[in-house]
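Single-structure report; data block below.
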Amino acid sequence: MDTLTIRPMALSDCDRVAEIRVSGWRHAYRGLMPQADLDGLSVEADAERRRAHFTRTDDPTTHLVAERAGQVVGWASVGPYRDGETRTVDAELYALYADPAHLGTGVGRALLTEALVRSTAHPRMLLWVLRDNTRARRFYERAGFRPDGTEDGTSVPELRYVRSQLRRC
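Each number in our numbering corresponds to the 1-based position in the sequence shown with 5 added.
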């Protein structure tokens with residue numbers, strides 16, 4: 006298999022990242038979220054949101070892509086933890102998606118590792134995961150994350166996971 010490279014996302018990656026995000030949602034959340042919500046996702050609209058978000062100069066978010074054989078195959082987004090409108094001293098993994106065709110090939114692990122490296126100034130990293138997404142929960146648990154007992158009580162329940170920044174995955 007070709008070498009996997011993790012690099013900062015470029016504006017030119019927005020269309021491919023949108024494809025990965027939409028296909029990732031449709032793959033990972035099938036049966037966990039209303040199908041109408043998944044069917045309503047638009048790669049074009051998501052790409053436009055990515056471009057608008059990416060070009061903001063006041064945004065402390067770090068966007069990373071995984072590239073193999075010249076093709077972007079994964080994306081992660083990390084920045085300060087958001088507690089409502091307040092940013093805290095902790096880091097938050099906002100998103101991590103691999104192209105479904107590349108699941109199980111190390112893309113997610115490499116992106117998570119780099120997100121952790123780029124967040125070492127923060128004492129902890131937190132993330133939210135769908136309560137019923139057992140594959141993602143196992144992935145994060147293998148990397149040292151644990152649920153901290155905080156749950157979002159929406160119609161699609163999410164659990165908050167936390168990990169100390171002291172050890173790598």
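Glycine residues also receive a C-beta, built at the ideal position from the N, C-alpha and C atoms.
- Message: Comparing C-alpha positions only, which one of 27, 57 and 60 sits nearest to residue 44?
- Response: The option with the nearest alpha carbon to residue 44 is 27.
- Mind checking which residues open and close the alpha helix (DSSP H) that includes residue 117? Counting along the chain, the alpha helix (DSSP H) containing residue 117 begins and ends at 112-122.
- Looking only at DSSP bridge pairs, what is residue 163 linked to? Residue pairing by DSSP places residue 163 opposite 135 and 157 in a beta bridge.
- Task: Would you mind working out which of 85, 136 and 17 sits nearest residue 60, comparing C-alpha positions?
- Result: Ranking 85, 136 and 17 by Cα distance to residue 60 puts 17 first.
- Secondary structure of residue 107, DSSP reduced to three states: In this structure, residue 107 counts as helix in the three-state DSSP scheme.
- Count the other C-beta atoms from every protein chain shown that fall within 10 angstroms of the C-beta of residue 82, then say buried if there are 16 or more, exposed otherwise. Burial call: buried.
- Task: Pull up the distance between the alpha-carbon of residue 155 and that of residue 143, whole angstroms please.
- Result: Annotation: residue 155 to residue 143 spans about 18 angstroms, alpha carbon to alpha carbon.
- Over the uninterrupted alpha helix (DSSP H) stretch that includes residue 42, give me the two end residues. Taken as a continuous stretch (DSSP letters only), the alpha helix (DSSP H) holding residue 42 covers 40-44.
- Message: Am I right that residue 86 and residue 131 are in contact with their C-beta atoms under 8 angstroms? What's the rounded C-beta distance?
- Response: Yes, they are in contact, since the Cβ atoms of residue 86 and residue 131 sit about 5 angstroms apart, within 8 angstroms.
- Within 10 angstroms of its Cβ, does residue 42 collect 16 or more other Cβ (buried), or is it exposed? Looking at its Cβ environment, which holds fewer than 16 other Cβ atoms inside 10 Å, residue 42 is exposed.
- Query: Counting along the chain, where does the alpha helix (DSSP H) carrying residue 51 start and finish?
  - Reply: From DSSP, the alpha helix (DSSP H) with residue 51 extends over 48-59.
- Query: Using the rule of at least 16 other Cβ atoms within 10 Å of the residue's Cβ for burial, across every protein chain shown, is residue 90 buried or exposed?
  - Reply: Label assigned to residue 90: exposed.
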